[in-house]
Structure formats: C-alpha cells, structure tokens
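Working notes, beginning with the structure itself.
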Amino acid sequence: MLSQAIVRPPATTFAQGITTAKLGRPDVDLALLQHEEYCQALEQCGLDLIRLRANPNFPDSTFVEDTAIVTETCALLTRPGAPSRMGEVNGIASILGQFYPELTIMKAGTLDGGDVCQAEEHFFIGLSARTNERGAQQLVGWLQENGFTASCVDIRGLPELLHLKTGLSYLGDNRLVLHEALAGHEAFKGFEQIVPQPEEAYAANCIRVNDHVLLPTGYPQLETTLQKRGYTVITLDMSEFRKMDGGLSCLSLRF
Ligand code: CIR
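Residue 97 is where the sequence shown starts when you use the working numbering, and the numbers rise one by one after that.
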C-alpha cells in the first residue's frame with residue numbers, strides 16, 4: 097500500500113520550462129487548478145500529501161518524480177539529465193531524508209526518475225536523452241544491493257518518448273500499459289500488455305494508486321479497457337502539463 101506522496105505545484109515560471117510538445121504556452125492558473133485536482137485525487141486514494149512550496153527558480157520543479165527513486169525500503173536522489181533541472185534535487189533531499197534515514201546520492205552519470213518504472217521487485221530503466229548508461233548502471237547496482245532486479249530499455253531511437261514512463265505504466269497484477277513502440281520489447285515478455293490505440297498514446301502514462309488508476313481525461317477507449325479489467329478509474333485533466341511534456345506520474349513521488 098502506498099501511504100504518502102510528495103508534490104510541488106507549478107511555479108509562476110512554469111511556462112519557461114523545457115518542452116518539445118508544440119501545444120502552445122501553458123496557462124499557469126489552469127495548471128494550478130489541475131494540480132490541485134491531482135492532489136485531491138491522490139488523497140482520495142488514501143495518500144497523505146507532503147506539499148512543497150512552488151519554486152520559481154526551477155520552472156520544471158513541479159515534475160518531482162524526476163529527482164528521486166523511492167521504494168518501500170530505500171530511496172536514491174537522482175542526477176537529472178537536463179542541466180536546468182539538476183538543482184531541483186536539493187529541494188527534495190531534506191524532505192526525503194525525513195522518511196529515509198539512509199538516503200543514497202547518485203555520484204555519476206545522469207538519470208531522471210521518469211525513466212524508472214517499478215514492477216514489484218523488478219525495475220525497468222529507460223536509456224534516454226536524459227538517462228545515460230553510467231547513470232543507469234549506477235541505479236542497477238544500487239537496486240541489486242537492495243534486493244531488486246533491473247533491466248534496461250533503450251528508448252533513444254523513440255523521440256516520441258521523453259522518458260520510459262511517458263510510454264509505460266505498471267498497474268500491478270502483472271499488467272503493463274505500454275506505448276505501441278515498446279510493445280515488442282523483450283523486457284516486457286511475460287507481462288499482460290495493454291497497448292492504447294495510437295490516438296490515445298499519451299494515456300500510456302497512467303498511475304495505479306492503491307485501489308484506483310489515475311488516467312488523463314480524454315482517452316475513453318483505455319478508460320473502458322481498464323474498467324473492464326475491474327479498475328476504478330479517476331480521470332484528470334492534464335492539458336497544461338502535457339504542454340510541458342509532463343504526465344500523471346511526473347507530478348508526485350509516491351511511497
Ligand atoms: C522536462 O522536460 O524535464 C519537463 N518539462 C517534463 C518532465 C516530465 N517528467 C516526467 O515525465 N517524469
């Protein structure tokens with residue numbers, strides 16, 4: 097069971113963050129409203145929220161997921177691959193330190209939390225424009241020391257995926273939702289695979305939070321598929337975060 101989540105609202109500088117989306121400039125006030133609805137959905141799923149203050153020095157700092165890897169037993173601070181985001185980690189360290197007495201700090205390479213997908217005791221790690229081999233190898237070593245297994249998935253040839261989790265979610269029950277570009281990858285053999293229609297690819301970034309699945313609004317086919325599998329789905333409008341290449345998983349660190 098997940099019990100907490102760290103979140104940080106978008107700052108006044110949100111629109112100055114990094115994006116490739118070409119969906120226009122985000123409306124910060126609307127992003128704040130959408131973020132509040134996201135927070136309320138996490139609370140509905142039973143989580144206590146640690147709400148950090150918005151940080152205008154880091155326009156992308158609402159995407160807290162990229163700064164750390166958190167598990168039930170251990171946590172690691174990452175080295176985000178975008179130079180403008182490296183400093184975000186400092187703002188997460190003191191908070192995570194309150195929950196994890198032995199917080200590991202990555203020493204080399206680069207790695208974004210968005211490239212790391214946990215499926216029970218196994219982790220999928222994306223090699224991407226943000227996560228390099230050195231960073232991934234460091235994470236593999238740390239995971240093994242902590243009793244987990246890991247496999248790497250190279251997404252550097254898939255520009256439609258900023259991070260591995262842009263196109264991959266683990267729902268529990270040995271079940272993945274994954275972007276069609278990832279569907280044939282051998283790392284995912286043995287899992288039940290739900291592949292959204294191409295027009296619903298954005299919804300491949302969804303999150304299981306205890307008894308619910310959070311899904312972006314506007315993807316009815318995937319919503320129906322998940323409901324047929326017995327999930328209780330909460331839909332959330334993500335329009336302003338999508339404009340900045342973000343999705344549901346990016347907005348919180350859940351543990
Ligand atoms: C960035 O490019 O870093 C942000 N604009 C979006 C980060 C999204 N994070 C994620 O998928 N984990």
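In this text, a Cβ means the ideal position worked out from N, Cα and C, and glycines have one as well.
All values derive from a computational prediction rather than experimental measurement.
Report yes if the C-beta of S335 is less than 8 Å from at least one heavy atom of ligand 1; otherwise report no.
-> Indexing the sequence shown from 1 puts residue 335 at position 239. Every heavy atom of ligand 1 is 8 Å or more from the Cβ of S335, so no.
Using a threshold of 8 Å, is the CB atom of H259 nearer than that to any non-hydrogen atom of ligand 1?
-> In the sequence shown, the residue the question calls residue 259 occupies position 163. For ligand 1, at least one heavy atom lies less than 8 Å from the Cβ of H259.
Per DSSP, what kind of secondary structure is V291 in: helix, strand or coil?
-> Locating residue 291 in the sequence shown gives position 195, where the first residue counts as 1. DSSP places V291 in coil when its eight states are reduced to three.
Measure the C-alpha to C-alpha separation of E241 and I165 and round it to an integer number of angstroms.
-> Position 145 of the sequence shown, counted from the start, is the residue given in the question as residue 241. Position 69 of the sequence shown, counted from the start, is the residue given in the question as residue 165. Looking at the two C-alpha atoms, the distance is approximately 14 Å.
Could you check the C-alpha separation between K339 and D123 for me, to the nearest Å?
-> As a position in the sequence shown, residue 339 is number 243, starting the count at 1. As a position in the sequence shown, residue 123 is number 27, starting the count at 1. Looking at the two C-alpha atoms, the distance is approximately 10 Å.
Could you tell me which residues DSSP pairs with I165 in its beta bridges?
-> Walking along the sequence shown from the start, residue 165 turns up at place 69. For I165, which the question treats as bridged, DSSP gives the partners L172.
Are at least three pairs of beta-carbons, each pair with one atom in the stretch 281-296 and one in the stretch 313-322, less than 8 Å apart?
-> yes
Please name the residue, chosen from L119, C141, G120, L148, that lies closest to V103 on a Cα-to-Cα basis.
-> For this step, residue 103 is matched to residue 7 along the sequence shown. It is L148.
Is Y315 helix, strand or coil when you go by DSSP?
-> Along the sequence shown, read from residue 1 onward, the residue named residue 315 stands at position 219. Judged by DSSP in its simplified three-state form, Y315 adopts coil rather than helix or strand.
Beta strand (DSSP E) segments (min. 3 residues) lying fully within the stretch 173-232 | For the beta strand (DSSP E) assignment, the uninterrupted runs of no fewer than 3 residues enclosed by the stretch 173-232 are, from N- to C-terminal side, 199-201, 212-215, 218-223.
In chain order, what residues of the same chain lie with their CB nearer than 6 Å to the CB of N297, ignoring the 5 residues before and after it?
-> By one-based count along the sequence shown, residue 297 stands at place 201. Per the sequence presented here, residue 297 reads as Ala, with Asn not at that position. Excluding positions up to five away in sequence, the list reads H275.
Starting from the C-beta of S348, find all residues in its chain whose C-beta is less than 6 Å away, skip the five residues before and the five after it, and write them out in chain order.
-> Locating residue 348 in the sequence shown gives position 252, counting from the first residue. Correct list, in chain order: A101, V103.
When the distance is taken between beta carbons, is E217 closer than 9 Å to T245?
-> Within the sequence shown, numbered from 1, the residue matching residue 245 stands at position 149. Within the sequence shown, numbered from 1, the residue matching residue 217 stands at position 121. For T245 and E217, yes; Cβs fall inside 9 Å.
Quick one: residues in its chain with C-beta nearer than 7 Å to the C-beta of R230, no 5 flanking neighbours on either side, listed in chain order?
-> Numbered from its first residue, the sequence shown carries residue 230 at position 134. Correct list, in chain order: A204, G205.
Taking H368 and C141 to be in contact with their CB atoms under 8 Å, please state how far apart those CB atoms are, rounded to whole angstroms.
-> Outside the displayed span of the chain (97 to 351) sits residue 368, for which this structure offers no information.
Contact check, R181 vs S157, beta carbons under 9 Å = The residue labelled residue 181 in the question sits at position 85 within the sequence shown. The residue labelled residue 157 in the question sits at position 61 within the sequence shown. The answer is yes: Cβ separation under 9 Å.
How close, in whole Å, do the beta carbons of N301 and S345 come, if the pair is a contact with beta carbons under 8 Å?
-> Taking the sequence shown and counting its residues from 1, the one referred to as residue 301 is at position 205. Taking the sequence shown and counting its residues from 1, the one referred to as residue 345 is at position 249. N301 to S345, Cβ: 6 Å. Contact.
Does the Cβ-Cβ distance between S265 and I221 come in under 9 Å?
-> Locating residue 265 in the sequence shown gives position 169, counting from the first residue. Locating residue 221 in the sequence shown gives position 125, counting from the first residue. Not closer than 9 Å, so no.
Pick out whichever of P294, G268, L278 has its Cα sitting closest to the Cα of N306.
-> Against the sequence shown, residue 306 aligns to sequence position 210. For N306, the nearest C-alpha among the options comes from G268.
Neighbourhood of D333 by C-beta, 6 Å cutoff - its chain only, sequence neighbours within 5 removed | For this step, residue 333 is matched to residue 237 along the sequence shown. Same-chain partners within the cutoff: Q130, T313.
Apart from the five residues on each side of it in sequence, which residues of its chain come closer than 7 Å, Cβ to Cβ, to L145?
-> The sequence position of residue 145 within the sequence shown is 49, counting from 1. Around L145: A101, V103, C135, L138, E139.
Does ligand 1 have a heavy atom nearer than 8 Å to the CB of G113?
-> Start at 1 with the first residue of the sequence shown, and residue 113 comes out as number 17. Under cutoff, so the answer is yes.
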